[in-house]
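A.B. asks: My questions will all concern the structure given below.
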């Protein structure tokens, strides 16, 4: 059975593909013969087979609500964390996801080789803004200028294709990543939608939400420094309302697919997902890792059969004659 087709695909993302084999017009015949259409691409349009790389794992998805400032983030350095937009200013995890114009996001994030960056295909050739604080021969220098670099010049950037027509029944299986609705369908788009789909594609099956406050005001903006106009605040609050409805639609489909999403903010206005205490999320997500710093390593270099024999002998010592 072919996967559901998404609607209102982003034209820029589709035309950014350099390899004609993977262009939009080829999706139907490729699906028709049962071949998977890739979700992730390099700048050159080469497919990047990342689907299922984290099969069955847990991830923390850190949104940008100010409630993050109240958390002890140190334990997260031992967990897999995806941040959104400029959330990397507070915490640098394993991945960052964006959907908006890339010049809105810190150049240090783009240049960090340790951080996976998920960006729409159409962004690869777009310019960046240099806001770095660099140490020079004369001291610290705050840059604030157009960078010569483009998204595709930066390391560890992974492209994906978007669509702008939300439809819950196909959301987990459609061939592009939905991030809400185009204005012709009522509007409301969010990087939170895109990031949850990407995490699902990567294979994560348990996601703990941080900073998903779904509340914004003149005094409650982000956990990093940024201003918001009254108009922008109203727009965000309207989007939160739409997301509440969409996630309520998605939750039973998530549960059916074994995709467990929990909200670690007890004061969050997003009620579609159950609350789960942050401390318990940390404990659960690391349960199968144990204590790597103190686990036994002596004897690991022995042959497998010798280790097995020694383990059996230890568990079942020979009886005295």
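In this note's numbering, the protein residues as written are 11 to 331.
We put the beta carbon where it would ideally sit given N, CA and C, even for glycine.
Predicted, not measured: the structure shown is a model, and the values here were computed from it.
List the residues that DSSP assigns as beta-bridge partners of residue 187.
C.D. replies: DSSP output for residue 187 lists 172 as bridge partner(s).
A.B. asks: Quick one: what's got a C-beta closer than 6 Å to residue 237's C-beta in the same chain, skipping five residues either side?
C.D. replies: Hits under 6 Å: none found.
A.B. asks: Given residue 272, which residues of its chain have a CB within under 8 Å of its CB, disregarding the five upstream and five downstream residues?
C.D. replies: Excluding sequence neighbours, residue 272 sits near 216, 217, 218, 219, 283, 284, 285, 286, 291.
A.B. asks: For a minimum of 3 consecutive residues, which ranges assigned as the beta strand (DSSP E) are wholly contained in the stretch 264-297?
C.D. replies: Here the runs fully enclosed are 270-273.
A.B. asks: Go ahead and pull the three-state DSSP assignment for residue 120.
C.D. replies: In this structure, residue 120 counts as helix in the three-state DSSP scheme.
A.B. asks: Quick check on residue 87: does DSSP put it in helix, strand or coil?
C.D. replies: Note: residue 87 maps to helix in three-state DSSP.
A.B. asks: Which class does residue 154 belong to by DSSP, given the choice of helix, strand or coil?
C.D. replies: In this structure, residue 154 counts as coil in the three-state DSSP scheme.
A.B. asks: Does DSSP put residue 182 in a helix, in a strand, or in coil?
C.D. replies: The answer is coil: DSSP assigns residue 182 none of H, G, I, E or B.
A.B. asks: When the Cα of residue 296 is compared with those of 77, 20, 79, 91, which residue comes out closest?
C.D. replies: Considering only alpha carbons, the answer is 91.
A.B. asks: Under 8 Å by Cβ, that's how I've got residue 77 and residue 275 pegged, so tell me the actual separation to the nearest angstrom.
C.D. replies: Contact flag correct, Cβ pair sits at about 5 Å.
A.B. asks: In the DSSP output, which residue or residues are listed as bridge partners for residue 3?
C.D. replies: Limits of the chain in this structure are 11 at one end and 331 at the other, which puts residue 3 out of reach.
A.B. asks: When we look at the beta-carbon of residue 107 and count the other beta-carbons within 10 Å, is it buried (16 or more) or exposed?
C.D. replies: By the 10 Å Cβ count, residue 107 comes out buried.
A.B. asks: Inspect the beta-carbon positions of residue 16 and residue 175 and report whether they are closer than 8 Å.
C.D. replies: Taking 8 Å as the Cβ cut-off, residue 16 and residue 175 qualify as a contacting pair.
A.B. asks: Let me make sure I understand the geometry here. Which of 167, 51, 256 has the alpha-carbon closest to that of residue 179?
C.D. replies: Closest by alpha carbon: 256.
A.B. asks: Just to check my reading of the structure: residue 109 and residue 160 have Cβ atoms closer than 8 Å, yes? What is that Cβ distance to the nearest angstrom?
C.D. replies: Not quite, the Cβ-Cβ distance comes to about 17 Å (not below 8 Å), so this is no contact.
A.B. asks: Give the secondary structure of residue 299 by DSSP, where H, G and I count as helix, E and B as strand, and everything else as coil.
C.D. replies: Helix at residue 299.
A.B. asks: Kindly list the residues whose CB is nearer than 7 Å to the CB of residue 79, restricted to its own chain and excluding five residues on each side of it in sequence; keep chain order.
C.D. replies: Around residue 79: 233.
A.B. asks: Which stretch, first to last residue, makes up the beta strand (DSSP E) that contains residue 216?
C.D. replies: It spans 216-220 - the beta strand (DSSP E) in which residue 216 sits, taken as one unbroken run.
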